[in-house]
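Under full-length UniProt numbering, the first residue of the sequence shown is numbered 1, with each subsequent residue one higher. Idealized CB from N, CA, C, for every residue including glycine. Please read these numbers as outputs of a predicted model, since none were measured by experiment. Notes to accompany the following structure.
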Amino acid sequence: MAFCRLLFPLLVLSVASASTVPVFLWGDLSSSSGNSLKSNPLSTVSAQGFSEILNNELKDDPYVIVFLEETLSVEDFSRKNNEGDISIPYLYDNLSDALYLPSVEDASRVLEEVAKGAVHVKLTQNGLSAAIEDKNNRFMFIALKDAMEGESRYDLLRRHSNFMEDQISKLEKKGDVIAVYTARNPSWTIPDTHSRVRRQANSSVTNGPDYSLDGLRLYLTGVTLDHSNASVTFTNYAGGSSEYNTTTGVLNGTLNFDQGSLTLNFHRAAGYWFFDTVHFVQTNPAVDEILYATDDLNALLDFSYRCKQSVSFKSINETQEYKVSFIDIKVQPFFGPTNASTPFGDSFNCVGFFSAPIWSGLFVVFILLSITFYGIMTMMDIKTMDRFDDPKGKTITINAGE
């Protein structure tokens with residue numbers, strides 16, 4: 001608990017300094033280190049200051065072993081599991097004889113400069129990449145790179161705690177040992193500055209399901225072409241155009257894709273608009289076909305047409321049949337100038353009011369009503385007896401013949 005209370009104020013430091021890492025030193029440290037330096041969560045040890053601390057600790061030429069994590073922050077020292085166990089209990093046991101620096105600038109670089117010519121070893125899932133030699137060199141780096149897939153942060157730090165305890169217990173038999181636990185990068189990073197960027201979509205070409213042309217509003221999630229037992233999806237919308245003939249009341253809207261162009265033909269009559277044909281043009285191979293709607297597509301003027309299912313247009317050419325399908329379509333011709341902000345009108349849906357679920361519900365209700373009516377009629381046909389036993393009279397006897 002005391003260890004957690006000591007590190008709780010250091011959580012502020014991880015937010016204030018995103019480019020620094022904590023450093024934990026323990027072992028045969030000089031007696032003056034613990035008295036002269038105290039952990040201050042509101043200050044950062046510079047690279048030069050950390051170099052001076054290391055040179056002061058290494059003046060007696062001890063054996064130094066550096067355990068280097070990829071990422072580490074002050075939160076990791078107080079991390080616990082569901083049972084309340086600390087992730088790094090070995091450091092907790094050595095807290096009284098340790099030097100803890102919660103925020104150090106360029107800790108790994110300073111260690112590299114102080115320990116020139118040090119031995120570098122990696123800890124992987126297969127173990128150490130080389131044996132630890134304590135005779136030829138007095139400085140060793142162990143990069144902890146043994147993270148396992150799906151492993152929690154607590155389990156990783158707990159394994160590293162056991163590994164450090166095992167290595168230090170072996171080296172302490174050889175003489176004075178100083179251990180350093182730090183990382184290359186912090187676990188938490190926060191950008192120093194924040195900026196607001198104004199973004200504006202390109203209004204010339206629409207690359208989404210909403211296609212807005214002058215006089216025509218169209219929404220669809222996909223367009224497919226079926227030909228010769230093959231299906232092709234139209235992709236990369238490259239813009240479109242529209243043309244309205246005020247004399248004939250015909251509106252033509254053209255959509256250009258990589259696979260070809262589709263011209264949607266609308267006309268108005270008797271207060272309704274109709275979507276009858278699609279003109280499909282392709283250059284390679286050369287195709288020029290008029291496709292006709294397989295179902296009636298129409299709605300009142302100022303109303304839109306909506307169909308969640310696909311709407312298909314087929315050619316009448318029996319030798320080369322082409323079929324274009326509009327998936328999840330909503331369309332409305334305005335037969336006049338419009339812009340992208342013009343909203344859709346109320347929708348006519350391709351599914352009528354009496355849809356399949358409604359018909360199913362009505363059928364079930366009809367069956368239940370029929371059963372109820374039959375039961376009532378059966379109860380009404382029950383006839384009471386016209387002769388009853390008289391307790392004071394003679395017992396009524398009914399023969400089999402009766």
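What residue from the options has the CA that sits closest to residue i's CA?
i, options, result
"N82", "S129, Y154 and E113", "Y154"
"A286", "K80, N229 and S261", "S261"
"V223", "V311, T283, G175 and I88", "V311"
"S304", "Y374, A400, F275 and G345", "G345"
"I316", "E289, S341 and L297", "E289"
"D258", "V232, Y272 and D276", "V232"
"F266", "T283, T248 and N256", "T248"
"N256", "E243, S242 and Y237", "Y237"
"L220", "H227, F234, S228 and S129", "F234"
"D176", "N284, F139 and K308", "F139"
"R109", "S129, L156 and A47", "A47"
"Q332", "G375, L297, I371 and E69", "L297"
"S78", "R268, R158, S341 and I398", "R158"
Please report how far the alpha carbon of residue i lies from the alpha carbon of residue j, in whole angstroms.
i, j, result
"M148", "K170", "26 Å"
"K383", "L368", "26 Å"
"Y292", "L301", "21 Å"
"D76", "S87", "7 Å"
"D106", "D85", "31 Å"
"V281", "A230", "17 Å"
"Q125", "L144", "10 Å"
"L362", "N245", "47 Å"
"E57", "V64", "10 Å"
"S203", "P343", "Because S203 carries a pLDDT of 39, less than 50, the predicted location of this residue cannot be relied on, and no value is offered for it."
"S228", "F354", "36 Å"
"M275", "D295", "The amino acid occupying residue 275 in the given sequence is Phe; Met does not appear at that position. So the two alpha carbons sit approximately 10 Å from each other."
"S325", "W359", "27 Å"
"A356", "S370", "21 Å"
"I376", "V365", "16 Å"
Are the Cβ atoms of residue i and residue j separated by less than 8 Å?
i, j, result
"T254", "V278", "no"
"L42", "I178", "no"
"D163", "L123", "According to the sequence as given, residue 163 is Phe; it is not Asp. Against a cut-off of 8 Å, the Cβ pair of L123 and F163 comes out as a contact."
"R306", "K330", "yes"
"S161", "L95", "no"
"N55", "V114", "yes"
"S242", "L251", "yes"
"P22", "P102", "yes"
"A118", "L25", "no"
"D328", "K314", "no"
"L68", "I132", "no"
"F348", "A299", "yes"
"T20", "V121", "no"
"S187", "T44", "no"
"V180", "V66", "yes"
Could you check what DSSP says for residue i in three-state terms: helix, strand or coil?
i, result
"Y92", "helix"
"N81", "coil"
"S261", "strand"
"I132", "coil"
"Q167", "helix"
"A286", "coil"
"D155", "helix"
"A47", "helix"
"V351", "coil"
"Y237", "coil"
"S30", "coil"
"F373", "helix"
"S161", "helix"
"R268", "strand"
"D276", "strand"
"D76", "helix"
"N399", "coil"
"L301", "coil"
Shorter than 7 Å, the distance from the beta carbon of residue i to the closest heavy atom of the ligand GTP, or not?
i, result
"E57", "Annotation note on the ligand GTP: not contained in the displayed structure, which lists no ligands."
Item to check | Stretch-stretch touch, CB-based, cutoff 8 Å, three pairs: the segment 213-221 with the segment 333-342 | outcome: Taking 8 Å as the limit for Cβ pairs, the verdict is that the segment 333-342 does touch the segment 213-221.
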